[in-house]
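*Asks:* Sharing a structure here in structure tokens format.
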Amino acid sequence: MKVIGISGSPRKDGNTEILVREALKPFYEKGWEVTEFFLSSKTINPCTGCETCRETGKCVIKGDDMELLINELGQCDALIIGSPAYYRNVTAQLKALFDRSFIFFNKKLLAGKPGGAIAVGRGEGGGQSLVLSIIHNYYLSMGALCVPCEINGLSAKADKPGDILKQENRLRQARVLGENIINYAEMIAGTSKPCRSITPNRSRFHAIMDCGFYYFTGNLV
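Residue numbers for the sequence shown follow this note's numbering, beginning at 1277 and rising by one.
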């Protein structure tokens, strides 16, 4: 199975990239094929709104990395998207990616695929909740499934580069997000194994909604 981790930060090795990589660790451990698509080293030119892709299924913009991403998304089973909060919004780089996604809107490349969201802001109330909503709205628009972390998406506060490395709880939450996405993806693929009781598997339950997920999907018996 395959997952794509997308970081919308223009800063290489910044806090957003660190958290996305942390969320991808459970996938490596489970033997998934992992693709890191970090916009700090990619070029996605903005959409011109010409709507040519609506008629032809092809984008008139050439010479950037969007075509590579389209190929990756068509093959993936799950994805993670993270962004720092810039003026209570996602970055310009990630917004360009979202807008260019119109090319595969009708192809339903993300339909039914589980996705997680990560937002990083400089302080409390730094726009993280709005960033999570924007990413989740993107998933919903594309027919993807929004996977929670412990409550919602992963929201983190980090001011200076590397600050997130000092926050073990946030790093743990990133891994929990990855684990939850794996659970959803394996359930969809029909490869998940039921949990036979709460006690032997209590480490799986980081919040009450995790218990509810296993119960309502029939994996808690």
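For every residue, glycine included, the Cβ atom is placed at its ideal position computed from N, Cα and C. These numbers come from a predicted model, not from an experiment.
Between 1442, 1296 and 1310, which has its C-alpha nearest residue 1285's C-alpha?
*Replies:* Considering only alpha carbons, the answer is 1296.
*Asks:* So, helix, strand or coil for residue 1422, using DSSP?
*Replies:* Three-state result, residue 1422: strand.
*Asks:* Excluding sequence positions up to five away, which residues of its chain have a Cβ less than 6 Å from the Cβ of residue 1385?
*Replies:* Closer than 6 Å at the Cβ level, and outside the excluded window around residue 1385, lie 1349 and 1350.
*Asks:* Apart from the five residues just before and just after residue 1414, which ones in its own chain have a Cβ nearer than 6 Å to its Cβ?
*Replies:* Result list for residue 1414: 1374, in chain order.
*Asks:* May I ask you to report which of helix, strand or coil DSSP gives residue 1368?
*Replies:* Reduced to three states, the DSSP call for residue 1368 is helix.
*Asks:* Buried or exposed: where does residue 1457 fall if 16 or more other Cβ atoms within 10 Å of its Cβ makes it buried?
*Replies:* Buried, by the Cβ-count rule.
*Asks:* Confirm, please, whether the CB-CB distance from residue 1293 to residue 1450 is below 8 Å.
*Replies:* In this structure, residue 1293 does not lie closer than 8 Å to residue 1450 by Cβ.
*Asks:* Is residue 1403 helix, strand or coil by DSSP?
*Replies:* In the structure shown, residue 1403 sits in coil (DSSP, three-state: anything other than H, G, I, E or B).
*Asks:* Could you check if residue 1317 is buried or exposed, using at least 16 other CB atoms within 10 Å of its CB as the buried criterion?
*Replies:* Exposed, by the Cβ-count rule.
*Asks:* Report the CB separation of residue 1421 from residue 1388 in whole angstroms; it is logged as a contact under 8 Å.
*Replies:* Yes, residue 1421 and residue 1388 are in contact; Cβ-Cβ is about 7 Å, under 8 Å.
*Asks:* Sort 1376, 1428 and 1444 by Cα distance to residue 1334 and report the nearest one.
*Replies:* Cα-wise, what sits closest to residue 1334 is 1376.
*Asks:* Please list the terminal residues of the continuous beta strand (DSSP E) segment that includes residue 1336.
*Replies:* Premise fails: residue 1336 is in no beta strand (DSSP E) and is neither H nor E.
*Asks:* Using a 10 Å radius around the Cβ and a threshold of 16 neighbouring Cβ atoms, would you call residue 1476 buried or exposed?
*Replies:* Since pLDDT at residue 1476 reaches only 48, below the 50 mark, its modelled position is unreliable, and no value is offered.
*Asks:* Bridge partners for residue 1452 per DSSP, in chain order?
*Replies:* Its beta-bridge partners do not exist; DSSP assigns none.
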